[in-house]
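K.L.:
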Amino acid sequence: MTNNLLSLLLITFSLLVGCQQSEQSLQFFSATQRVNSDNIIITNNLNSQPIDRAEQLTDQGKKAAKRGNYQTALALFEKAISANPNYTRAYFNRGWLKEQIEDFPGALADYATAIELDPENKAPRFIKEIAYQNRGLLRRQLGDNLGAIADAKAAIELNPNDGGKYANRGLAYEAVEDYEAAIADQTKAIELEPKVPGWYYNRGKAHRRAGNYQESIADLARAIELNPYFAWAYYQRGYSYRKLEEYHKSDADLTRAEDLGYQPAGLYFMRSRVRMKLRKYQGAVADFSRVIKRAPQDPVNYHHRAIANHHLGKFKNAQADAIKAAELYRATGDKKLYQEMMLYSQQFRF
10 MTNNLLSLLL ITFSLLVGCQ QSEQSLQFFS ATQRVNSDNI IITNNLNSQP IDRAEQLTDQ
70 GKKAAKRGNY QTALALFEKA ISANPNYTRA YFNRGWLKEQ IEDFPGALAD YATAIELDPE
130 NKAPRFIKEI AYQNRGLLRR QLGDNLGAIA DAKAAIELNP NDGGKYANRG LAYEAVEDYE
190 AAIADQTKAI ELEPKVPGWY YNRGKAHRRA GNYQESIADL ARAIELNPYF AWAYYQRGYS
250 YRKLEEYHKS DADLTRAEDL GYQPAGLYFM RSRVRMKLRK YQGAVADFSR VIKRAPQDPV
310 NYHHRAIANH HLGKFKNAQA DAIKAAELYR ATGDKKLYQE MMLYSQQFRF
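Each number in the working numbering comes from the position in the sequence shown (counting from 1) with 9 added on.
Structure, rendered in structure tokens:
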């Protein structure tokens, strides 16, 4: 990326948020890593006050943080701020540290102060720009996508040649279901940095969510071309192939993602349905079983495993699954499906 400040970070957003079977929680390839001022070249401070003591304490705090001594680092940053309440770099680093210890309100406040103390982006180089970026990433993590969009916009205005900043904003637009804006931002990121596989992945996912499955597949193919081990891209492409009812290709891509180590419940949930379409019932049963192991109170998977076992002639297993599904449907208050599954279970005779 420009300025050599930022590095890529894969931020998981855990598929199916703890194994919910929902496409909205699919993983994304985040544009940038949150950075602290270790990555920023320090020139001088905007403030006229002597900064030697504050700078010394801040440097000591950074070293403590690198060693994992977060409480020591926090105390040193606070001493730096006491020594010079206008020392931008101390607020910035303390904000970064507060993210690590999950004091998110404190992190947001410190980033805001760093931004306010450096209205013209003249303090230690790029701090305002990166403070907007870090705060935007944190806001998106906390679900404040409109705030994330605003921060990404501010960061772009300070550095319009960094593809990662457009990618960040595109992810926030996708989160609020403005897919046209999301695709436009990921396209700009690609124009600026055409060799980054994550930007094609992001745009491919946005296209899929917008229902543009052919465009999604093309982008994900490019991401895979740039990184043949990009498991998430295989997963997303398998998702798009499934939507186009190209089940053999979907099965192959989902299996490749699994082989590369990407094995969330959502992959098995999707592939089980694909394999039912392909009449690969043995494989479907295996996938249903994996999902059941992670979500044992969801009746849907017992329901469909019963059908797969029925096709395999495993009638006792089918009956057991049907009864279990019925019990769980009853527990959820779904009387109709409870009755259907009880009737289904009664058809088996041994």
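Just so you know, even glycine gets a beta-carbon here, dropped at the ideal spot from N, CA and C. As the structure is a prediction and not an experimental result, all values here were calculated from the model.
1) How many Å lie between residue 276 and residue 218 at the Cα?
2) Going by the beta-carbon positions, is the gap between residue 353 and residue 346 smaller than 7 Å?
3) Between residue 84 and residue 62, which are expected to be in contact by the criterion C-beta below 8 Å, what is the C-beta distance as a whole number of angstroms?
4) Helix, strand or coil, according to DSSP, for residue 165 in the structure here?
5) What residue does the alpha helix (DSSP H) around residue 251 start on, and which one ends it?
6) Would you mind giving the Cβ-Cβ distance between residue 97 and residue 123, rounded to the nearest angstrom? I have them listed as a contact below 8 Å.
7) Between which two residues does the alpha helix (DSSP H) carrying residue 185 extend?
8) How many angstroms separate the CA atom of residue 291 from the CA atom of residue 205?
9) If you run the structure through DSSP and keep just helix, strand and coil, what is residue 308?
10) In the segment 54-105, which residue ranges form an unbroken alpha helix (DSSP H) of at least 4 residues, counting only runs that do not cross its ends?
11) With three or more beta-carbon pairs closer than 8 Å as the criterion, would you say the segment 314-324 touches the segment 282-290?
12) Since residue 211 is in the alpha helix (DSSP H), which residue starts that stretch and which ends it?
13) DSSP on residue 278, reduced to helix/strand/coil?
14) Helix, strand or coil for residue 110? Go by DSSP, reduced to three states.
15) If contacts are defined as beta-carbon pairs under 8 Å, then residue 106 and residue 86 qualify, I think. What distance do you get, rounded to the angstrom?
16) When you compare only the Cα positions, how much space is there between residue 254 and residue 199?
17) Would you please state the rounded distance, in angstroms, between the beta carbons of residue 266 and residue 244? I believe it to be under 8 Å.
18) According to DSSP, simplified to helix, strand and coil, what is residue 330?
19) Excluding five sequence neighbours on each side, which residues of the same chain lie with their C-beta closer than 7 Å to the C-beta of residue 326?
20) Measure the beta-carbon distance from residue 372 to residue 138 and round it to whole angstroms, keeping in mind my assumption that it falls under 8 Å.
21) Helix or strand or just coil, what does DSSP make of residue 344?
22) Looking only at its chain, what residues have a beta carbon closer than 6 Å to the beta carbon of residue 305, apart from the 5 residues adjacent to it on each side?
23) Roughly how many whole angstroms lie between the Cα atoms of residue 157 and residue 344?
24) For residue 336, which three-state DSSP category applies?
25) How would you write the range of the alpha helix (DSSP H) that residue 263 sits in, first residue to last?
26) Using the rule of at least 16 other Cβ atoms within 10 Å of the residue's Cβ for burial, across every protein chain shown, is residue 110 buried or exposed?
27) Under 7 Å, do residue 172 and residue 161 count as touching if we go by C-beta distance?
28) What is the residue span of the alpha helix (DSSP H) that residue 228 lies within?
29) Among 174, 88, 212, 68, which has the Cα closest to the Cα of residue 191?
30) On a CA-only basis, which of 296, 331, 99 is nearest residue 312? Give me that one, please.
P.N.:
In this structure, then:
1) Sequence index remark: in the sequence shown, residue 276 carries index 267 (1-based). Sequence index remark: in the sequence shown, residue 218 carries index 209 (1-based). So the alpha carbons of these two residues sit roughly 17 Å apart.
2) As a first step, residue 353 must be located in the sequence shown, where it is residue number 344. As a first step, residue 346 must be located in the sequence shown, where it is residue number 337. Residue 353 is not a Cβ neighbour of residue 346, given a cutoff of 7 Å.
3) Against the sequence shown, residue 84 aligns to sequence position 75. Against the sequence shown, residue 62 aligns to sequence position 53. Their Cβ separation, rounded to whole angstroms, is 15 Å, which puts residue 84 and residue 62 out of contact at 8 Å.
4) Sequence index remark: in the sequence shown, residue 165 carries index 156 (1-based). Looking at residue 165 - three-state DSSP - the assignment turns out to be helix.
5) Mapped onto the sequence shown, residue 251 falls at position 242. Unbroken alpha helix (DSSP H) run through residue 251: 240-252.
6) Residue mapping note: residue 97 aligns to position 88 of the sequence shown, counting from 1. Residue mapping note: residue 123 aligns to position 114 of the sequence shown, counting from 1. 5 Å between Cβ atoms; contact.
7) By 1-based counting over the sequence shown, the position of residue 185 is 176. It is not in any alpha helix (DSSP H) - residue 185 carries neither H nor E in the DSSP assignment.
8) Locating residue 291 in the sequence shown gives position 282, where the first residue counts as 1. Locating residue 205 in the sequence shown gives position 196, where the first residue counts as 1. Cα to Cα, residue 291 sits roughly 39 Å from residue 205.
9) Your numbering for residue 308 matches position 299 in the sequence shown. Correct three-state label for residue 308: helix.
10) 61-75, 79-92
11) Yes: at least three Cβ pairs fall under 8 Å.
12) Residue mapping note: residue 211 aligns to position 202 of the sequence shown, counting from 1. Its alpha helix (DSSP H) spans residues 206-218.
13) Locating residue 278 in the sequence shown gives position 269, counting from the first residue. Residue 278 falls in the helix class under three-state DSSP.
14) Numbered from 1 along the sequence shown, position 101 holds the residue referred to as residue 110. In this structure, residue 110 counts as coil in the three-state DSSP scheme.
15) Working through the sequence shown from its first residue, we reach residue 106 at position 97. Working through the sequence shown from its first residue, we reach residue 86 at position 77. So it is a contact: roughly 7 Å between Cβ atoms.
16) Counting from 1 along the sequence shown, the entry for residue 254 is found at position 245. Counting from 1 along the sequence shown, the entry for residue 199 is found at position 190. Spanning the two alpha carbons is a distance of roughly 29 Å.
17) If you number the sequence shown from 1, residue 266 lands on position 257. If you number the sequence shown from 1, residue 244 lands on position 235. With 8 Å as the limit, residue 266 and residue 244 qualify as a contact, their Cβ atoms being about 4 Å apart.
18) Position 321 of the sequence shown, counting from 1, holds the residue named residue 330. In the structure shown, residue 330 sits in a helix (DSSP, three-state: H, G or I).
19) Translated into the one-based positions of the sequence shown, residue 326 becomes position 317. Answer for residue 326: 318, listed in chain order.
20) In this structure the chain extends from 10 to 359, so residue 372 is not present and cannot be described.
21) Sequence index remark: in the sequence shown, residue 344 carries index 335 (1-based). Note: residue 344 maps to helix in three-state DSSP.
22) Taking the sequence shown and counting its residues from 1, one reaches residue 305 at position 296. Result list for residue 305: empty, nothing under 6 Å.
23) As a first step, residue 157 is located in the sequence shown; it is residue number 148 there, counting from the start. As a first step, residue 344 is located in the sequence shown; it is residue number 335 there, counting from the start. Those two C-alpha atoms are separated by around 43 Å.
24) Taking the sequence shown and counting its residues from 1, the one referred to as residue 336 is at position 327. For residue 336, the three-state secondary structure derived from DSSP is helix.
25) Here residue 263 corresponds to residue number 254 of the sequence shown, with the count starting at 1. First-last of the alpha helix (DSSP H) with residue 263: 256-268.
26) If you number the sequence shown from 1, residue 110 lands on position 101. When all chains shown are included, residue 110 counts as exposed.
27) Within the sequence shown, the letter at position 163 stands for residue 172. Within the sequence shown, the letter at position 152 stands for residue 161. No, the Cβ-Cβ distance between residue 172 and residue 161 is not below 7 Å.
28) Residue numbering aside, residue 228 sits at position 219 when the sequence shown is read from its first letter. For residue 228, the enclosing alpha helix (DSSP H) has its first and last residue at 222-235.
29) Position 182 of the sequence shown, counted from the first residue, corresponds to residue 191. Looking at the Cα atoms, 212 is the closest of the given residues.
30) Looking up residue 312 in the sequence shown gives position 303. Ranking the options by Cα distance to residue 312, first place goes to 331.
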